[in-house]
Every structure is written in structure tokens, then in C-alpha cells.
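One structure below.
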Amino acid sequence: MLVRSAGVEAVMGTSGKKMYPYEIKLAAVRDVIDQGMSLPQVMAKYGIASRSPVTHWCSKYRAGGAEALRAKPQGRPKGSGNKPPLRSSPEQALRDQVSYLQAKVAYLEKLHALQAEDRSRTGRKPW
Numbered sequence: 004m005l006v007r008s009a010g011v012e013a014v015m016g017t018s019g020k021k022m023y024p025y026e027i028k029l030a031a032v033r034d035v036i037d038q039g040m041s042l043p044q045v046m047a048k049y050g051i052a053s054r055s056p057v058t059h060w061c062s063k064y065r066a067g068g069a070e071a072l073r074a075k076p077q078g079r080p081k082g083s084g085n086k087p088p089l090r091s092s093p094e095q096a097l098r099d100q101v102s103y104l105q106a107k108v109a110y111l112e113k114l115h116a117l118q119a120e121d122r123s124r125t126g127r128k129p130w
């Protein structure tokens, strides 16, 4: 029926998933639900190549109303990329440097203690 009314281009025109605007979806759903038109009639009227989008739109319309047919943004939101590190205050920079130096001193003290223990055990220097 669709081929007779809209031509072969309506069925074979594009490859891949066709996107329909909100207005077409809403009009097609209202024709099916409110006007009682059949799916082939609605498909021919709006140039929809398959029954499945119309039935899917009808179920979404019944569940959530007309707003359920609007396109939702997909993918990652624009603002969720890697954010640059916050600039710290001079006091925070000094605290970070003190923490780093304290860790470095503790590491070196442990290294010297292990070297001294090794020297006392073997009686000679490790290098």
C-alpha cells in the first residue's frame, strides 16, 4: 500500500535509521489513536516505511503523553570533560610542599637505616 501511494522511494529511499521530527510523530500517533486510522494508512500519509516506529511511538504516547515523543539528548553532556585542576592558594601550595618534603625525609631516613643495618650485618659498605 505504501509503495502504491508514496512510491518506491518511500520504502527504498534511504539506508539506515530514519529520524522523524516531533510534529510528524505526534500527528501520526494522533491519527492512529484519536482518529482510528490503520497503520498502513498512517504510514502512507506520512511516508513512514515501517510499522515498528509507529507502534513504538503509540506505546510511548500512551505511557508518557506527547512529551514522550520528543527527542532526548544522547551521549555525554558537553560539560563533563576533563576539568583543569583548581588553582590552589599560596598557603595550600606551601602545605603541599611541606608534605612532600616530609615524605622525602622519611624515605631517606628509612633508606639510611636500612643501609646502616646492612653494613652492620656484613661489615662492609654496600657500594
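The numbering of the sequence shown is the numbering used here, which starts it at 4 and goes up by one. Don't be surprised by glycine CBs; every beta carbon is placed ideally from N, CA and C.
*For the stretch 71-78 against the stretch 45-55, are there 3 or more C-beta pairs whose distance is under 8 Å?*
no
*So, do the stretch 82-92 and the stretch 55-70 have three or more beta carbon pairs nearer to each other than 8 Å?*
no
*What is the residue span of the alpha helix (DSSP H) that I36 lies within?*
25-36
*Would you grab the beta carbon distance between D34 and V45 for me? Rounded to a whole angstrom, and I think it's under 8 Å.*
5 Å
*In terms of residue numbering, what span does the alpha helix (DSSP H) encompassing Q118 cover?*
93-125
*Alpha carbon to alpha carbon, how far is E120 from G82? Give it in angstroms, no decimals.*
55 Å
*Would you kindly report the start and end of the unbroken alpha helix (DSSP H) that includes K81?*
Unbroken run through K81: none, as it is neither H nor E.
_DSSP three-state label for K46, please._
Residue identity check: residue 46 is Met in the sequence provided, not Lys. Looking at M46 - three-state DSSP - the assignment turns out to be helix.
*Run through DSSP, which three-state label would L72 get?*
helix
*Start-to-end residues for the alpha helix (DSSP H) that takes in K21*: Per DSSP, K21 belongs to no alpha helix (DSSP H) and is neither H nor E.
*In or out: K28 buried (at least 16 other Cβ within 10 Å) or exposed?*
buried
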